[in-house]
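Trainee:
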Amino acid sequence: MHAVVCIKQVPDTQELQVDFDAGVIKRASVPLIVNPFDEFAIEEAVRLKEKHGGAVTALTMGPLSADEALRTALAMGCDAAVHLLDEAFEGSDTWATATVLAKALEKMGEYDVLFFGKATFDGDTGQVAPRVAALLQLPMLNFAAKIAEIDFDGKKVTVERLLETGREVVRANLPAVISVVKEINEPRYPSLLGIRRAKKVDVPTWDAAALALEKDSVGSKGSFAKLERIYRPPARAGGEIVPGEPVDAAKTVTEKLIDQGLI
Ligand SMILES: Cc1cc2nc3c(=O)[nH]c(=O)nc-3n(C[C@H](O)[C@H](O)[C@H](O)COP(=O)(O)OP(=O)(O)OC[C@H]3O[C@@H](n4cnc5c(N)ncnc54)[C@H](O)[C@@H]3O)c2cc1C
């Protein structure tokens, strides 16, 4: 069994800061963490390895600092990690990000299951996993809340997907792409031994050339989405207190809503 977990390093949202003039999220001065949904993906992959044997590889595309995220994944039980690192990857939208990840997965070759978080805490598009699945022509099982059955010999997986209205049971062939929600498990804390081991692991870096990618096909040049501006929504004006008895006040509110064409 070989599972690959795609993880992204994100700013700790409680500390998120935006440079409104430059129109970018300030990444350099804020604490960075593994995207919380990705911790559930790591945990699920490591549990599969503990049950079935095999290995788990963590994969990220990100700047130098993203090495820390990979070390966390290794400390949680991943066996290997790959860092996709190249200035040419900067400014990638979700399309370009998925292109780079898919190329790296093609280079890795052998895998049974690809895990993702359902979305990130910063970009929050949820587009990367389905796009990778489309590029690699693999089944996409998103919002997985439980892996009900997995048969690596028979190459079949059954997951329960979390929907607003309940759960949906879906079966697919392996290899498959699975994005997970927080209901799937309780991620472990890295052990002291794990942290020590993680520091010693040799993490290869792959750049655009290593992935046989033209530099212009990724990063800002290879992106379809262009960021126009980033702004804080205007503060809401204070509400109006309607005086009087509840019945009269309700009548006044209703008239106001009708006047404004809201009802
Ligand atoms: C014009 C433009 C410029 C941008 N420039 C930058 C930039 O310079 N730097 C920057 O950090 N972001 C940049 N972004 C944001 C960038 O596109 C997203 O961070 C990235 O594509 C992931 O999208 P998301 O965060 O919505 O991930 P989602 O689709 O919500 O993520 C789902 C899952 O995919 C996996 N995943 C997502 N990203 C990665 C990754 N990088 N490596 C491995 N797995 C991953 C994780 O498992 C994650 O849980 C830019 C976006 C635009 C539109």
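In this text, residue positions in the sequence shown follow our numbering: the first is 680, and each later residue adds one.
Ideal Cβ positions, reconstructed from N, Cα and C, are used throughout, including at glycine.
(1) What ranges does the beta strand (DSSP E) occupy inside the segment 763-824, keeping only unbroken runs of at least 3 residues that lie completely in it?
(2) Below 8 Å on the Cβ atoms is my contact criterion, and I expect S870 with W774 to pass it. Report the Cβ-Cβ distance as a whole number of Å.
(3) Would you decide whether E934 is buried or exposed? Buried here means 16 or more other CB atoms lie within 10 Å of its CB.
(4) When you compare only the Cα positions, how much space is there between I829 and K835?
(5) Comparing the C-beta of L738 with each C-beta of chain C, is any distance below 7 Å?
(6) State the CB to CB distance for the pair L820 and A855, rounded to an integer number of angstroms; the pair is presumed to be in contact (CB under 8 Å).
(7) Going along the chain, which residues of its own chain have a beta-carbon closer than 6 Å to the beta-carbon of L793, five neighbours each way excluded?
(8) Helix or strand or just coil, what does DSSP make of T884?
(9) Name the DSSP bridge partner or partners of H731?
(10) Measure the CB-CB distance between S744 and L780 and report whether it falls below 7 Å.
(11) Heavy atom of ligand 1 less than 6 Å from the Cβ of L815, yes or no?
(12) Please say whether L749 and A737 have beta carbons closer to each other than 7 Å?
(13) Going straight from the alpha carbon of A783 to that of L763, what length do you get?
(14) Tell me the DSSP secondary structure of D830 in three-state form.
(15) Just checking, does the segment 875-885 make contact with the segment 749-761 on the three C-beta pairs under 8 Å criterion?
(16) If you check the beta carbons only, do T909 and G702 fall under 7 Å apart?
(17) Is S708 near ligand 1 - that is, is its Cβ less than 6 Å away from at least one heavy atom of it?
(18) In whole angstroms, what is the alpha-carbon distance linking D938 and V932?
(19) DSSP three-state call for G845: helix, strand or coil?
(20) Report the option in A767, M787, A754 and T778 whose CA atom is closest to the CA atom of V761.
(21) Ligand 1 heavy atoms versus the CB of F795: any closer than 6 Å?
(22) Report yes if the C-beta of F716 is less than 6 Å from at least one heavy atom of ligand 1; otherwise report no.
(23) Got a sec, what are the start and stop residues for the alpha helix (DSSP H) A874 sits in?
(24) Report the residue from E924, K705 and V689 whose alpha carbon sits nearest the alpha carbon of Q696.
(25) Tell whether a beta-carbon distance below 7 Å holds between N714 and V689.
(26) Is C757 near ligand 1, judged by its Cβ being under 6 Å from some heavy atom?
Mentor: Put simply:
(1) Every unbroken stretch of the beta strand (DSSP E) spanning 3 or more residues and falling wholly within the segment 763-824 is given here in chain order: 792-796.
(2) Indexing the sequence shown from 1 puts residue 870 at position 191. Indexing the sequence shown from 1 puts residue 774 at position 95. Approximately 38 Å separates the beta-carbon atoms of S870 and W774; this is outside 8 Å, ruling out the contact.
(3) Numbered from 1 along the sequence shown, position 255 holds the residue referred to as residue 934. It is exposed - the Cβ of E934 has fewer than 16 other Cβ atoms within 10 Å.
(4) Position 150 of the sequence shown, counting from 1, holds the residue named residue 829. Position 156 of the sequence shown, counting from 1, holds the residue named residue 835. Going from the Cα of I829 to the Cα of K835 covers about 6 Å.
(5) No chain C is part of this structure, which consists of one protein chain only.
(6) Counting from 1 along the sequence shown, the entry for residue 820 is found at position 141. Counting from 1 along the sequence shown, the entry for residue 855 is found at position 176. With a Cβ gap of about 6 Å, L820 and A855 count as contacting.
(7) By 1-based counting over the sequence shown, the position of residue 793 is 114. Non-local beta-carbon contacts of L793 in its own chain, meaning distances under 6 Å to residues more than five positions away in sequence, involve V683 and V856 in chain order.
(8) Taking the sequence shown and counting its residues from 1, the one referred to as residue 884 is at position 205. Collapsing the DSSP output to three states places T884 in a strand.
(9) The residue given as residue 731 occupies position 52 in the sequence shown. According to DSSP, H731 bridges with nothing at all.
(10) Taking the first residue of the sequence shown as 1, we reach residue 744 at position 65. Taking the first residue of the sequence shown as 1, we reach residue 780 at position 101. Between S744 and L780, the CB-CB gap reaches or exceeds 7 Å.
(11) The residue labelled residue 815 in the question sits at position 136 within the sequence shown. No heavy atom of ligand 1 is found nearer than 6 Å to the CB of L815.
(12) In the sequence shown, counting from the first residue as 1, residue 737 sits at position 58. In the sequence shown, counting from the first residue as 1, residue 749 sits at position 70. Cβ distance < 7 Å, so A737 and L749 count as in contact.
(13) Residue 783 sits at position 104 when you count from the first residue of the sequence shown. Residue 763 sits at position 84 when you count from the first residue of the sequence shown. The C-alpha of L763 is placed about 8 Å away from the C-alpha of A783.
(14) As a working mapping, residue 830 is identified with position 151 in the sequence shown. Residue state, collapsed to three classes: strand.
(15) Touching, per the Cβ criterion.
(16) Translated into the one-based positions of the sequence shown, residue 909 becomes position 230. Translated into the one-based positions of the sequence shown, residue 702 becomes position 23. Strictly speaking, residue 909 in this sequence is Ile, with Thr absent from that position. Yes, these two residues count as a Cβ contact at 7 Å.
(17) Here the question's residue 708 lines up with position 29 in the sequence shown. No - ligand 1 has no heavy atom lying nearer than 6 Å to the Cβ of S708.
(18) If you number the sequence shown from 1, residue 938 lands on position 259. If you number the sequence shown from 1, residue 932 lands on position 253. Computed Cα separation, rounded: 10 Å.
(19) Residue mapping note: residue 845 aligns to position 166 of the sequence shown, counting from 1. G845 falls in the strand class under three-state DSSP.
(20) Here residue 761 corresponds to residue number 82 of the sequence shown, with the count starting at 1. Among A767, M787, A754 and T778, the Cα nearest to that of V761 belongs to M787.
(21) For the purposes of this step, residue 795 is identified with residue 116 of the sequence shown, where counting begins at 1. Under cutoff, so the answer is yes.
(22) Numbered from its first residue, the sequence shown carries residue 716 at position 37. Yes.
(23) As a position in the sequence shown, residue 874 is number 195, starting the count at 1. Reading the sequence as shown, one finds Ile at residue 874 and not Ala. I874 -> alpha helix (DSSP H) spans L871 to K879.
(24) For this step, residue 696 is matched to residue 17 along the sequence shown. Looking at the Cα atoms, K705 is the closest of the given residues.
(25) Counted from its first residue, the sequence shown places residue 714 at position 35. Counted from its first residue, the sequence shown places residue 689 at position 10. Yes. Within cutoff.
(26) Position 78 of the sequence shown, counted from the start, is the residue given in the question as residue 757. No, since every heavy atom of ligand 1 falls outside the 6 Å radius drawn around the Cβ of C757.
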